[in-house]
Amino acid sequence: MLELIKKAEKTHSLDKNEIVSILNDGSIDAELFAAADRVREKFVGNDVHLRGLIEFSNACARNCFYCGLRRDNKSIERYKLDTETIIKFAAAAAEMGYKTLVLQSGEIPSYTVDIMAAMISEIKKLGVTITLSIGEKSRDEYAAYRAAGADRYLLRIETTNRDLYEKLDPGMSFDNRLRCLKDLKSLGYELGTGSLVGLPGQSSADIASDILFFKEIDADMIGCGPFIPNPDTPLANERGGTFELAIKVIALVRLLLPDVNIPATTAMEALNPAGRLIALRSGANVVMPNVTDGEYKKKYILYPGKICLNESPGQCIGCITGKIQSIGRNISKDHGYRKKVK
Ligand code: SAM
Ligand code: SF4
Ligand code: FES
Numbered sequence: 029m030l031e032l033i034k035k036a037e038k039t040h041s042l043d044k045n046e047i048v049s050i051l052n053d054g055s056i057d058a059e060l061f062a063a064a065d066r067v068r069e070k071f072v073g074n075d076v077h078l079r080g081l082i083e084f085s086n087a088c089a090r091n092c093f094y095c096g097l098r099r100d101n102k103s104i105e106r107y108k109l110d111t112e113t114i115i116k117f118a119a120a121a122a123e124m125g126y127k128t129l130v131l132q133s134g135e136i137p138s139y140t141v142d143i144m145a146a147m148i149s150e151i152k153k154l155g156v157t158i159t160l161s162i163g164e165k166s167r168d169e170y171a172a173y174r175a176a177g178a179d180r181y182l183l184r185i186e187t188t189n190r191d192l193y194e195k196l197d198p199g200m201s202f203d204n205r206l207r208c209l210k211d212l213k214s215l216g217y218e219l220g221t222g223s224l225v226g227l228p229g230q231s232s233a234d235i236a237s238d239i240l241f242f243k244e245i246d247a248d249m250i251g252c253g254p255f256i257p258n259p260d261t262p263l264a265n266e267r268g269g270t271f272e273l274a275i276k277v278i279a280l281v282r283l284l285l286p287d288v289n290i291p292a293t294t295a296m297e298a299l300n301p302a303g304r305l306i307a308l309r310s311g312a313n314v315v316m317p318n319v320t321d322g323e324y325k326k327k328y329i330l331y332p333g334k335i336c337l338n339e340s341p342g343q344c345i346g347c348i349t350g351k352i353q354s355i356g357r358n359i360s361k362d363h364g365y366r367k368k369v370k
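Our numbering numbers the first residue of the sequence shown as 29 and each following residue consecutively.
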């Protein structure tokens, strides 16, 4: 098994069976994480990129089984921030030094293409890089956001097991998800995708296929995190993904896609108080602190145990900066585009 890790560190290539055998072997985790950390340092250095996350609406017309924002969840109060408020949060985050802002929401038609495009061009004037995470849209919509100034897009494939995807995302089609990712890539966005780790019915072979899929579509950013069961969803009684497995996935992604940006996802820290730092030492190089001010983030509940609910954006940037520096890493001063190594 150690030979496999050495091979991955050297060649950045493993086949599906090899990935499965690493995922299933708990005895080599320390070596796996150390190898991923070395590859991270060699390819993307010691800088950690901070991306400020604005959760601008928790309203959603979709009904994904795993997510607390699903439309059938009647126990959360829905909000839709207006453009002025979103721009105000963006300006405050830019003032704090954020170079990238991520605009994320459920999927709802009230933010029309015109409203979104106008907001994107206004936020762009702050000199920030803009990432969108607003779900499945038509190619024309993606093109309009790109023309307005959006630079990156996050759309997790969630799982490459087509049957599982369509079972857990009722009414959604795996083919359309793939179409979206391909459109985004061809429109010149930096493409972010990723997966939920530990979905009910997901096998190690499925996870291995996810990792190979990220390579195949040449994703620039890969966000993988544990699935955490939400009591207000149909998956309330499922076991959820473990922290250990999610970290292994991050480490394998770093070994196989050495130059991509990999966030230490917030869900990691919901399962382990040192979760993001452990992820940063196992291959990750990005953190996405919340810059949504006020009470809204308490209503943007995908899963239980969300962190930073009572802290302001100013407190979070201070907190995470200290943590990152405590492990000998630096806060990046640039916009953190992927520097692709051929
Ligand atoms: N609506 C957009 C979409 O689905 O792409 C963006 C917002 S959605 C809330 C962002 C991500 O949250 C999803 O891609 C999913 O992986 C993650 N998520 C949802 N429910 C979760 C859960 N119970 N545990 C962990 N992550 C979850
Ligand atoms: Fe809506 Fe996204 Fe949650 Fe699915 S994952 S219910 S699309 S917010
Ligand atoms: Fe929010 Fe630490 S990052 S309190």
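For glycine and all other residues, C-beta sits at the position ideal for the given N, C-alpha and C. Small disclaimer: the values here were computed from a predicted structure and weren't measured.
Quick one: any contact between the segment 108–120 and the segment 353–369, if contact means 3 or more CB pairs under 8 Å?
no
I need the residues with a C-beta less than 6 Å from some heavy atom of the ligand SF4; please give them in chain order.
C88, R90, C92, C95, L97, R98, G134, E135 and G163
Coarse secondary structure for I162, derived from DSSP in three states:
Translated into positions along the sequence shown, residue 162 becomes position 134. Annotated three-state conformation of I162 is coil, per DSSP.
Quick check: the segment 308–317 against the segment 86–102, are there 3 or more CB pairs under 8 Å?
Result no; under three Cβ-Cβ pairs closer than 8 Å.
Out of D65, R79 and G80, point me to the one whose CA is closest to G73's CA.
In the sequence shown, the residue the question calls residue 73 occupies position 45. That would be D65, whose Cα lies nearest to the Cα of G73.
Which one or two residues does DSSP pair with N289 in a beta bridge?
Working through the sequence shown from its first residue, we reach residue 289 at position 261. In DSSP, N289 forms a bridge with M249.
Alpha-carbon spacing of V130 relative to S161, whole angstroms
Here the question's residue 130 lines up with position 102 in the sequence shown. Here the question's residue 161 lines up with position 133 in the sequence shown. Looking at the two C-alpha atoms, the distance is approximately 7 Å.
I need the residues with a C-beta less than 5 Å from some heavy atom of the ligand FES; please give them in chain order.
C336, E339, C344, C347 and I348
Bridge partners for S85 per DSSP, in chain order?
Within the sequence shown, numbered from 1, the residue matching residue 85 stands at position 57. According to DSSP, which records beta bridges pairwise, S85 is partnered with K108 and S133.
Since G269 and G222 should fall inside the 8 Å C-beta cutoff, what is the C-beta to C-beta distance between them, to a whole number of angstroms?
Against the sequence shown, residue 269 aligns to sequence position 241. Against the sequence shown, residue 222 aligns to sequence position 194. With a Cβ gap of about 13 Å, G269 and G222 do not count as contacting.
Do K44 and A233 come within 8 Å of each other at the CB atom, strictly closer than that value?
For this step, residue 233 is matched to residue 205 along the sequence shown. For this step, residue 44 is matched to residue 16 along the sequence shown. Here A233 is near K44, since their CB atoms are less than 8 Å apart.
Return the CA-CA distance between L30 and I56, expressed in angstroms with no decimal places.
Along the sequence shown, read from residue 1 onward, the residue named residue 30 stands at position 2. Along the sequence shown, read from residue 1 onward, the residue named residue 56 stands at position 28. L30 and I56: Cα-Cα distance of roughly 7 Å.
When you compare only the Cα positions, how much space is there between D301 and R167?
Along the sequence shown, one-based indexing puts residue 301 at 273. Along the sequence shown, one-based indexing puts residue 167 at 139. Sequence inspection shows Pro at residue 301; the Asp mentioned does not correspond to that position. Roughly 40 Å between the two C-alpha positions.
Run the CB neighbour count on G303, radius 10 Å, all protein chains shown included, and call it buried at 16 or more, exposed below.
For the purposes of this step, residue 303 is taken as the residue at position 275 of the sequence shown. Buried, because 16 or more other Cβ atoms sit within 10 Å of the Cβ of G303.
Quick one: give me the first and last residue of the beta strand (DSSP E) that R366 is part of.
By one-based count along the sequence shown, residue 366 stands at place 338. Counting along the chain, R366 falls outside any beta strand (DSSP E), and DSSP gives it neither H nor E.
I'd like to know if the segment 47–61 and the segment 182–199 are in contact, where contact means that at least 3 CB-CB pairs between them fall below 8 Å.
No contact exists between the segment 47–61 and the segment 182–199.
Could you tell me the boundaries of the beta strand (DSSP E) in which G54 lies?
To locate residue 54, count along the sequence shown from 1; it is residue 26. Where G54 is concerned, there is no enclosing beta strand (DSSP E), given that its DSSP letter is neither H nor E.
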